[in-house]
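Residue numbers (this note's numbering): 11 to 163.
Inspection log for the structure reproduced underneath, given as structure tokens.
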């Protein structure tokens, strides 16, 4: 019996692309905020979710609009560290200025991806809600990406 084919998803591509940006690691990006604050309090954290987008069905050019949230907090204080969250968001924005395509390896998928272009819709903005002492910035990130086959031995 063969293993099922695991397609590249918008979330997987976005998380892997973000982890390649300067100042970020795979441990700083996920679909949900880790419960253990000690794993991300010093660095901050990015969460991703699909907010909309498009697909070109003839050749599978994916163009999701991703809701990216930049989270920051300082243990032991009630003051949200807005500057830290803002800097995380601006670091993502700076990553979109690259002119060449990005090869994005996806170890958990049966295919990799190439991000052709990336840009923000609008500016990073503060997100308000019942976040306690967390500071959160929201970004609408568009990635134009295509899946690419993995090499077989």
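We put the beta carbon where it would ideally sit given N, CA and C, even for glycine.
Note that this is a predicted model, so its numbers are computed, not measured.
(message) Once DSSP output is grouped into helix, strand and coil, what is the label at residue 101?
(response) Position 91 of the chain shown holds residue 101. DSSP places residue 101 in the helix class (H, G or I) of the three-state scheme.
(message) Could you give the first and the last residue of the continuous beta strand (DSSP E) run that contains residue 164?
(response) Missing from the structure shown is residue 164; the chain here goes from 11 to 163 and no further.
(message) On the DSSP bridge list, what partners appear for residue 40?
(response) Residue numbering aside, residue 40 sits at position 30 when the chain shown is read from its first letter. In DSSP, residue 40 forms a bridge with 57.
(request) Would you identify the three-state DSSP class for residue 106, choosing helix, strand or coil? (result) On the chain shown, position 96 is the one that residue 106 refers to. Looking at residue 106 - three-state DSSP - the assignment turns out to be coil, as it is neither helix nor strand.
(message) So, for residue 105: in the same chain, excluding its five sequence neighbours on each side, which residues have a beta-carbon less than 6 Å away from its beta-carbon?
(response) Mapped onto the chain shown, residue 105 falls at position 95. Result list for residue 105: 31, in chain order.
(request) Since I believe residue 55 is in contact with residue 76 (beta carbons under 8 Å), could you give me their beta-carbon distance rounded to a whole number of angstroms? (result) Residue numbering aside, residue 76 sits at position 66 when the chain shown is read from its first letter. Residue numbering aside, residue 55 sits at position 45 when the chain shown is read from its first letter. Not quite, the Cβ-Cβ distance comes to about 15 Å (not below 8 Å), so this is no contact.
(message) Pull the bridge partners of residue 81 from the DSSP assignment, please.
(response) Counted from its first residue, the chain shown places residue 81 at position 71. Answer is 55 and 146, bridged to residue 81.
(request) State the DSSP-derived secondary structure class of residue 127, mapped to helix, strand or coil. (result) Start at 1 with the first residue of the chain shown, and residue 127 comes out as number 117. Residue state, collapsed to three classes: strand.
(request) Identify every residue that forms a DSSP beta bridge with residue 151. (result) As a first step, residue 151 is located in the chain shown; it is residue number 141 there, counting from the start. The beta-bridge partner set that DSSP reports for residue 151 consists of 76 and 130.
(message) Spatial neighbours of residue 120 within its chain, please: C-beta separation below 6 Å, excluding the five flanking residues on both sides.
(response) In the chain shown, the residue the question calls residue 120 occupies position 110. The answer, listed in chain order, is 15 and 16.
(request) Please work out which residues of its chain come closer than 8 Å, Cβ to Cβ, to residue 153, disregarding the five sequence neighbours upstream and downstream, and give them in chain order. (result) Sequence index remark: in the chain shown, residue 153 carries index 143 (1-based). These residues qualify, in order along the chain: 20, 23, 24, 27, 72, 73, 74, 76, 125, 127 and 128.
(message) Using 8 Å as the cut-off, can you tell me whether the stretch 108 to 115 makes contact with the stretch 61 to 71, which would need three or more C-beta pairs spanning the two stretches below that distance?
(response) In this structure the stretch 108 to 115 does not touch the stretch 61 to 71; the number of beta carbon pairs closer than 8 Å is below three.
(request) Can you give me the start and stop residues for the beta strand (DSSP E) that residue 112 sits inside? (result) As a first step, residue 112 must be located in the chain shown, where it is residue number 102. Per DSSP, residue 112 belongs to the beta strand (DSSP E) from 112 to 114.
(request) In angstroms with no decimal places, state the Cα-to-Cα distance between residue 87 and residue 143. (result) Within the chain shown, the letter at position 77 stands for residue 87. Within the chain shown, the letter at position 133 stands for residue 143. Taking the straight line from one Cα to the other gives about 7 Å.
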